[in-house]
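Structure record follows, encoded as structure tokens.
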């Protein structure tokens with residue numbers, strides 16, 4: 064047994080070591096702010112591909128009108144410029160927006176579709192071409208899922224030079240580590256239900272260090288106002304730029 068003075072000395076040393084220890088990094092997979100890459104697939108590959116196909120069915124006038132994807136309650140859709148950023152938020156609103164778009168372009172089809180499944184989020188990724196009255200519009204799109212197999216986040220890019228988040232030739236399916244996607248930075252998408260909380264502490268913390276997350280969070284607070292502002296700013300040449308016409 065240590066004498067009392069020696070024991071006191073050891074206690075002081077231990078206290079000093081504890082106070083000088085480096086703070087432990089936050090676990091990106093714990094709590095309500097977990098990131099999407101923390102989840103692993105829970106369904107067969109075909110199920111994820113089917114969800115991607117069903118998503119494009121909602122944009123295709125020739126497809127089965129009852130073929131809808133399985134959206135999570137607070138699914139969000141983010142379409143990078145030249146598109147309009149937040150173009151869907153919540154299950155019913157996202158489906159309603161797509162109905163409006165299809166009504167505005169009633170002859171739209173999606174004849175070219177290549178959807179594939181991956182072991183890391185986003186589990187489904189598609190390269191497609193929409194047809195607007197005979198004019199093709201190539202798009203690259205990704206789908207993030209929760210453990211129930213519901214789509215929690217949709218992210219899209221114009222498949223044009225300079226618009227993709229990766230080198231479309233060297234990394235056609237965005238498998239490298241430096242892909243500039245938003246889905247892997249949104250807190251909450253990595254929880255079992257993939258539910259985001261735009262006003263929660265994890266989102267506020269992430270927004271402080273990530274301007275894209277901050278922009279996403281702000282747009283969810285006023286979806287239609289943000290969408291209208293983005294639409295007005297896009298200009299009349301939106302499709303010419305986004306589709307490469």
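Numbering (the numbering used here), first residue to last: 64 to 308. Where is the CB? At the ideal position from N, CA and C, for every residue including glycine. All of these numbers come straight from a predicted model, not from anything done at the bench.
Residue ranges of each alpha helix (DSSP H) within the segment 213-296, 4 or longer: The DSSP assignment places complete alpha helix (DSSP H) segments of no fewer than 4 residues inside the segment 213-296 at 264-272 and 274-284, in order along the chain.
Beta-bridge pairing of residue 177 - partner residues as DSSP gives them: Against the chain shown, residue 177 aligns to sequence position 114. According to DSSP, residue 177 bridges with 190.
Among 308, 307, 303 and 288, the one whose alpha carbon lies nearest that of residue 148: The count along the chain shown starts at 1 and reaches residue 148 at position 85. Per the Cα distances, 288.
Residue 172 in three-state terms, based on DSSP: The residue given as residue 172 occupies position 109 in the chain shown. Strand, per DSSP.
Closest residue to residue 278 among 195, 245 and 239 (Cα-Cα distance): Locating residue 278 in the chain shown gives position 215, counting from the first residue. Relative to the Cα of residue 278, the nearest Cα in the group 195, 245 and 239 belongs to 245.
Residue closest to residue 146, alpha-carbon to alpha-carbon, out of 308, 302 and 307: In the chain shown, counting from the first residue as 1, residue 146 sits at position 83. Selection 308, 302 and 307 evaluated against residue 146 yields 302 as nearest (Cα-Cα).
Distance CB(residue 175)-CB(residue 192) smaller than 8 Å: The count along the chain shown starts at 1 and reaches residue 175 at position 112. The count along the chain shown starts at 1 and reaches residue 192 at position 129. In this structure, residue 192 lies closer than 8 Å to residue 175 by Cβ.
Straight-line gap, residue 183 to residue 201 (C-alpha atoms, nearest Å): Taking the chain shown and counting its residues from 1, one reaches residue 183 at position 120. Taking the chain shown and counting its residues from 1, one reaches residue 201 at position 138. Taking the straight line joining both Cα atoms gives about 24 Å.
Supposed contact pair residue 138 and residue 117 - C-beta distance, whole angstroms, cut 8 Å: Along the chain shown, read from residue 1 onward, the residue named residue 117 stands at position 54. Along the chain shown, read from residue 1 onward, the residue named residue 138 stands at position 75. Not really, about 13 Å apart at Cβ, beyond 8 Å.
Contacts around residue 172, its chain only, beta-carbon distance under 7 Å, and the 5 residues preceding and following it disregarded: Counting from one through the chain shown, the residue named residue 172 turns up at place 109. The residues are 123, 124, 125 and 194.
Proximity below 8 Å, CB of residue 134 to CB of residue 208: On the chain shown, residue 134 is found 71 positions in, with the first residue counted as 1. On the chain shown, residue 208 is found 145 positions in, with the first residue counted as 1. Here residue 134 is not near residue 208, since their CB atoms are 8 Å or more apart.
Stretch pair the segment 99-111 + the segment 207-221: three plus CB contacts closer than 8 Å: yes
Run of the beta strand (DSSP E) containing residue 200, from where it starts to where it stops: Position 137 of the chain shown holds residue 200. Looking at the DSSP string, the run of the beta strand (DSSP E) that includes residue 200 is 198-208.
Enclosing alpha helix (DSSP H) for residue 157 [first to last residue]: For the purposes of this step, residue 157 is taken as residue 94 along the chain shown, with counting starting at 1. Here the alpha helix (DSSP H) through residue 157 covers 154-167.
Cβ-Cβ distance between residue 168 and residue 187 below 8 Å: Taking the chain shown and counting its residues from 1, one reaches residue 168 at position 105. Taking the chain shown and counting its residues from 1, one reaches residue 187 at position 124. Taking 8 Å as the Cβ cut-off, residue 168 and residue 187 do not qualify as a contacting pair.
N- and C-terminal bounds of the beta strand (DSSP E) containing residue 136: In the chain shown, residue 136 corresponds to position 73, counting from 1. Under the DSSP assignment, residue 136 falls in the beta strand (DSSP E) whose first and last residues are 134-142.
Option nearest residue 274 by Cα separation, candidates 263, 307 and 248: Counting from 1 along the chain shown, the entry for residue 274 is found at position 211. Closest option to residue 274, Cα to Cα, is 248.
Alpha carbon of residue 292 to alpha carbon of residue 272, nearest angstrom: Position 229 of the chain shown holds residue 292. Position 209 of the chain shown holds residue 272. Taking the straight line from one Cα to the other gives about 25 Å.
Under 8 Å between C-beta atoms of residue 98 and residue 252: Within the chain shown, residue 98 is the residue found at index 35, counting from 1. Within the chain shown, residue 252 is the residue found at index 189, counting from 1. Yes.
C-beta atoms of residue 95 and residue 260 nearer than 8 Å: As a working mapping, residue 95 is identified with position 32 in the chain shown. As a working mapping, residue 260 is identified with position 197 in the chain shown. Yes, the Cβ-Cβ distance between residue 95 and residue 260 is below 8 Å.
Residue 257 versus residue 132 - alpha carbon distance: Taking the first residue of the chain shown as 1, we reach residue 257 at position 194. Taking the first residue of the chain shown as 1, we reach residue 132 at position 69. Distance between the alpha carbons of residue 257 and residue 132: 16 Å.
Those residues which DSSP pairs with residue 195 across a bridge: Along the chain shown, one-based indexing puts residue 195 at 132. Paired residue(s): 198.
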